[in-house]
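One structure is given here, and the rest of the page talks about it.
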Amino acid sequence: MIKKIALSMLLCFITTSVFSQFISSGSGRSIQLTGSAVKNIDAVFLFNGITADNQIQFAGSAPSYLWKKYDGSFVSNSSAISVEDGTGYVLTANGVQYYIWVIDYQKYLTSLTALTVSESIDKCSNISLNFSGKIPDLVYYDKNSTKQLLSRQFTVSYPDQEYASGQWSATTRSLIETYPFTTIVLNAPYKDTSFTLSGDQYATLFGIASTVTSDIYKAIRVECHPTGSIVERDAANESGRKTGTLEGSGPLNVSFKSNANLPVTQFYEWRICNLANTSNYLRYTDADLRYVFSETGDYKVTLIVTNSSGSCSHSDSLTVKVSSSFINVPNVFTPNGDGQNDQFRVSYRSIADYKILLYSSWAGRVYTSTDPAQGWDGRVGGKLAPPGVYYYLISATGTDGKKFKLKGNVNLLRGKNVK
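This is the structure in structure tokens:
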């Protein structure tokens with residue numbers, strides 16, 4: 008963000024600038040600096056070219072006025088004086104002495120002639136702007152006749168892109184550099200761009216800022232922001248999902264996105280390892296990736312991105328947790344068509360292999376399935392099965408290798424009016 012010059016520091020009007028005890032008038036624009044903008048002096052005036060009609064006037068009232076130059080030479084007994092470049096004035100009014108300095112800014116104009124880009128030591132993070140040109144000192148003398156320099160600030164700006172709110176978008180970066188400088192170190196951009204140096208701040212307010220722009224710089228910096236989302240299954244009887252996290256019931260199907268800066272990023276390497284054995288990992292080279300975690304455990308998913316030359320890379324990682332397995336079998340279901348508990352289904356988490364056999368003493372096998380997400384609707388051959396006790400046999404294996412051998416019974420309850 009471009010730093011704002013405080014209103015108390017800098018005011019600029021087309022023909023007249025007003026601040027505190029003094030008024031400047033005449034042709035052209037003027038800037039009055041006071042407070043923290045200057046040191047040990049009441050005010051410094053910059054005129055965008057001093058002409059015969061430029062004056063500084065005491066804004067208050069006094070029975071008498073005495074204007075002198077710093078060297079003690081008499082100037083005037085009136086409330087206003089004509090001004091000269093590079094001159095200090097002392098006004099005595101109402102028993103108070105005021106010290107001011109006048110600068111003709113047109114005599115100290117900036118000339119920016121060239122701006123080149125070079126790589127820093129850490130070229131993947133920073134670049135250097137090398138400036139050439141002429142920036143004269145803006146000198147004034149304080150009330151003790153000590154030489155002081157006005158701060159000259161220049162703006163560096165360049166188009167870039169930034170990652171925010173889950174996406175890359177265009178932005179313009181700006182920063183303020185205070186002279187003296189010959190080299191400016193910046194964060195390396197995420198896209199090909201050119202850099203512009205302009206200023207100083209006084210010339211900007213006068214509308215005469217000097218500007219120089221670099222040639223196009225070919226970006227080499229890469230950055231990734233990997234994200235993952237679980238490809239949800241819609242089985243109501245599968246537990247273990249945690250919305251917004253990468254943790255859930257296995258097999259856990261996860262979609263990963265690299266979110267890298269394009270087109271600078273050219274190569275991708277995904278590494279997936281179980282934290283129980285980090286020396287072994289699976290490697291993929293897709294920009295985006297979908298992977299099924301088939302075993303219970305904690306996983307680290309690392310993405311490494313690289314530019315076309317291999318000179319810069321960046322990495323980031325995510326963690327994924329596949330929950331431990333379990334199966335819970337209900338002991339009653341009510342297929343009444345009311346939308347509640349209408350099917351006999353197990354509650355499960357992280358089941359890799361599954362088989363259920365449901366039978367009755369009167370009809371033998373009434374239902375079988377290899378999908379724990381499915382359930383029995385209480386019909387046999389398309390007809391309603393009678394209420395009563397039914398028996399199940401379940402064999403299953405969890406993603407953690409746990410074996411399940413379950414048997415038991417379930418009661419089918421149905422109202423008299425169900426058809």
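Take 8 as the starting number for the sequence shown in our numbering and just add one per residue. Cβ coordinates follow ideal geometry from the N, Cα and C atoms, glycine included.
Who are residue 427's beta bridge partners in DSSP? Residue 427 cannot be examined here, being either before or after the span of the chain that is shown, 8 to 426.
Could you tell me the alpha carbon to alpha carbon distance between residue 137 and residue 201, rounded to whole angstroms? Sequence index remark: in the sequence shown, residue 137 carries index 130 (1-based). Sequence index remark: in the sequence shown, residue 201 carries index 194 (1-based). Cα to Cα, the separation comes out at about 13 Å.
Start-to-end residues for the beta strand (DSSP E) that takes in residue 54: For the purposes of this step, residue 54 is taken as the residue at position 47 of the sequence shown. Taken as a continuous stretch (DSSP letters only), the beta strand (DSSP E) holding residue 54 covers 50-54.
Is residue 290 near residue 261, with beta carbons less than 9 Å apart? The residue labelled residue 290 in the question sits at position 283 within the sequence shown. The residue labelled residue 261 in the question sits at position 254 within the sequence shown. No, the pair does not count as a contact, with Cβ atoms beyond the cut-off.
Excluding the 5 residues preceding and the 5 following residue 227 in the sequence, name in chain order all residues of the same chain whose CB lies nearer than 6 Å to its CB. Here residue 227 is taken as the residue at index 220 of the sequence shown, counted from 1. Cβ within range, chain order: 314, 318, 319.
When you compare each of 368, 210, 265 to residue 276 by their alpha carbons, which one comes out closest? For the purposes of this step, residue 276 is identified with residue 269 of the sequence shown, where counting begins at 1. Nearest of 368, 210, 265 to residue 276, Cα basis: 265.
Answer yes or no: do residue 279 and residue 308 have a C-beta to C-beta separation smaller than 9 Å? For this step, residue 279 is matched to residue 272 along the sequence shown. For this step, residue 308 is matched to residue 301 along the sequence shown. Result yes, Cβ atoms of residue 279 and residue 308 sit closer than 9 Å.
Can you tell me which of the three DSSP states residue 296 falls into? Along the sequence shown, read from residue 1 onward, the residue named residue 296 stands at position 289. Reduced to three states, the DSSP call for residue 296 is strand.
Return the CA-CA distance between residue 421 and residue 325, expressed in angstroms with no decimal places. Reading the sequence shown from its first residue, position 414 is the one you call residue 421. Reading the sequence shown from its first residue, position 318 is the one you call residue 325. C-alpha separation (whole angstroms): 49 Å.
Inter-residue Cα distance where the pair is residue 29 and residue 197: Locating residue 29 in the sequence shown gives position 22, counting from the first residue. Locating residue 197 in the sequence shown gives position 190, counting from the first residue. If you take the alpha carbons of residue 29 and residue 197, they lie about 49 Å apart.
State buried or exposed for residue 245, treating a residue as buried only when at least 16 other CB atoms are found within 10 Å of its CB. Position 238 of the sequence shown, counted from the first residue, corresponds to residue 245. With 16 or more other Cβ atoms within 10 Å, it is buried.
Comparing alpha-carbon positions, which option in 256, 70, 206 lies nearest residue 303? Position 296 of the sequence shown, counted from the first residue, corresponds to residue 303. Of the candidates 256, 70, 206, the one whose C-alpha sits nearest the C-alpha of residue 303 is 256.
Check whether the Cβ atoms of residue 183 and residue 160 lie closer than 9 Å to each other. Counted from its first residue, the sequence shown places residue 183 at position 176. Counted from its first residue, the sequence shown places residue 160 at position 153. Yes, they are a contact pair.
For residue 419, which of 384, 127, 134 has the nearest alpha-carbon? The count along the sequence shown starts at 1 and reaches residue 419 at position 412. Nearest C-alpha to residue 419: 384.
Assigned exposure category for residue 104 - 16 Cβ within 10 Å defines buried: Position 97 of the sequence shown, counted from the start, is the residue given in the question as residue 104. It is exposed - the Cβ of residue 104 has fewer than 16 other Cβ atoms within 10 Å.
How many Å lie between residue 427 and residue 188 at the Cα? No statement about residue 427 is possible, as the shown extent of the chain runs from 8 to 426 and does not include it.
Continuous beta strand (DSSP E) stretch holding residue 208: start and end: What you label residue 208 is simply residue 201 of the sequence shown in a count that begins at 1. Run containing residue 208: none in the beta strand (DSSP E); it sits in the alpha helix (DSSP H), 208-213.
For residue 166, which residues does DSSP report across the bridge? Taking the sequence shown and counting its residues from 1, one reaches residue 166 at position 159. Beta-bridge pairing links residue 166 to 179.
Contact between the stretch 117-132 and the stretch 146-158: three or more CB pairs below 8 Å? no
Which residue comes first and which comes last in the beta strand (DSSP E) that contains residue 321? The residue labelled residue 321 in the question sits at position 314 within the sequence shown. Here the beta strand (DSSP E) through residue 321 covers 320-329.
Closest residue to residue 234 among 155, 122, 173, 88 (Cα-Cα distance): Your numbering for residue 234 matches position 227 in the sequence shown. Out of 155, 122, 173, 88, 173 has the C-alpha closest to the C-alpha of residue 234.
Taking residue 392 and residue 373 to be in contact with their CB atoms under 8 Å, please state how far apart those CB atoms are, rounded to whole angstroms. As a working mapping, residue 392 is identified with position 385 in the sequence shown. As a working mapping, residue 373 is identified with position 366 in the sequence shown. Confirmed, about 6 Å.
DSSP-derived helix/strand/coil call for residue 125: Translated into the one-based positions of the sequence shown, residue 125 becomes position 118. The answer is strand: DSSP assigns residue 125 an E or B state.
Rounded straight-line distance, which links the Cα of residue 379 to that of residue 411: Translated into the one-based positions of the sequence shown, residue 411 becomes position 404. Translated into the one-based positions of the sequence shown, residue 379 becomes position 372. Near 13 Å, if we compare the C-alpha coordinates of residue 379 and residue 411.
Count the other CB atoms within 10 Å of the CB of residue 408; is the residue buried (16 or more) or exposed (fewer)? Residue 408 sits at position 401 when you count from the first residue of the sequence shown. Flag for residue 408 reads exposed.
Could you check which residue in 243, 414, 219 has the C-alpha nearest to that of residue 356? What you label residue 356 is simply residue 349 of the sequence shown in a count that begins at 1. When each option's Cα is compared against that of residue 356, the closest is 243.
For the beta strand (DSSP E) holding residue 227, just list the boundary residues, first then last. Locating residue 227 in the sequence shown gives position 220, counting from the first residue. That residue, residue 227, is in no beta strand (DSSP E); it is neither H nor E in DSSP.
Taking its Cβ as the centre, do 16 or more other Cβ atoms sit within 10 Å of residue 259, making it buried, or is it exposed? Position 252 of the sequence shown, counting from 1, holds the residue named residue 259. With 16 or more other Cβ atoms within 10 Å, it is buried.
For residue 59, tell me which candidate among 86, 350, 35, 44 has the shortest Cα-Cα distance. Locating residue 59 in the sequence shown gives position 52, counting from the first residue. Checking every option, the nearest Cα to that of residue 59 belongs to 35.
Which listed residue (94, 155, 65, 67) has its alpha carbon closest to that of residue 78: Here residue 78 is taken as the residue at index 71 of the sequence shown, counted from 1. Nearest option by C-alpha distance: 94.
Ordered list of alpha helix (DSSP H) runs contained in the stretch 314-400, each at least 4 residues: none
Report yes or no: is there a C-beta of chain D within less than 9 Å of the C-beta of residue 330? The structure shown contains no chain D, having only a single protein chain.
Can you find the residues in the same chain that come closer than 6 Å, C-beta to C-beta, to residue 8, ignoring five residues on each side of it along the sequence? Working through the sequence shown from its first residue, we reach residue 8 at position 1. Since pLDDT at residue 8 reaches only 34, below the 50 mark, its modelled position is unreliable, and the value read off the structure follows with that caveat. There are no such residues.
Reduced DSSP category for residue 236 - H, G, I as helix; E, B as strand; rest coil: Translated into the one-based positions of the sequence shown, residue 236 becomes position 229. The answer is strand: DSSP assigns residue 236 an E or B state.
Quick one: give me the first and last residue of the beta strand (DSSP E) that residue 148 is part of. Counted from its first residue, the sequence shown places residue 148 at position 141. Per DSSP, residue 148 belongs to the beta strand (DSSP E) from 146-148.
Here's a check: name, in chain order, each residue in its chain whose Cβ is nearer than 8 Å to the Cβ of residue 223, leaving out the five neighbours to either side. Residue 223 sits at position 216 when you count from the first residue of the sequence shown. The residues are 199, 200, 201.
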